[in-house]
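Visitor:
Below, the structure written as structure tokens:
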């Protein structure tokens, strides 16, 4: 949305890219983790998080980053998995 960002998360099983589906608090795709280090709060809906200066948020699914997700290989070999 802002700054040309269109990728907000990835699906849990196959790590397929997810964008925004709606604009309300029921948004299912934008799940974030707030904080850094050992003091983090996972699995919060991005549409329900209050914004402030210095907010540190990252995606829950996607390693090492949301754009470059090594687990997205599951999308390619998903037909072979039970």
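Numbering (UniProt numbering), first residue to last: 1 to 82. Idealized CB from N, CA, C, for every residue including glycine.
Does the distance from the CB of residue 6 to the CB of residue 75 come in under 7 Å?
Guide: No, Cβ-Cβ distance for residue 6 and residue 75 is not below 7 Å.
Visitor: With a threshold of 7 Å on Cβ separation, who are the neighbours of residue 20 within its own chain once the five nearest residues in sequence on each side are excluded?
Guide: Cβ within range, chain order: 1, 8, 27, 29 and 30.
Visitor: Spatial neighbours of residue 58 within its chain, please: CB distance less than 7 Å, with the 5 preceding and 5 following residues excluded, ordered by chain position.
Guide: If we look at residue 58 and ignore the five residues flanking it on each side, its Cβ neighbours are 32 and 33.
Visitor: Taking the beta strand (DSSP E) that residue 41 belongs to, which residues open and close that run?
Guide: Its beta strand (DSSP E) spans residues 41-45.
Visitor: Our contact map puts residue 61 next to residue 10 with C-beta atoms below 8 Å; I'd like the distance itself, whole angstroms only.
Guide: With 8 Å as the limit, residue 61 and residue 10 qualify as a contact, their Cβ atoms being about 5 Å apart.
Visitor: Quick check: what's the CA-CA separation for residue 55 versus residue 81?
Guide: Answer to the nearest angstrom: the Cα atoms are 38 Å apart.
Visitor: Between which two residues does the alpha helix (DSSP H) carrying residue 76 extend?
Guide: Its alpha helix (DSSP H) spans residues 73-77.
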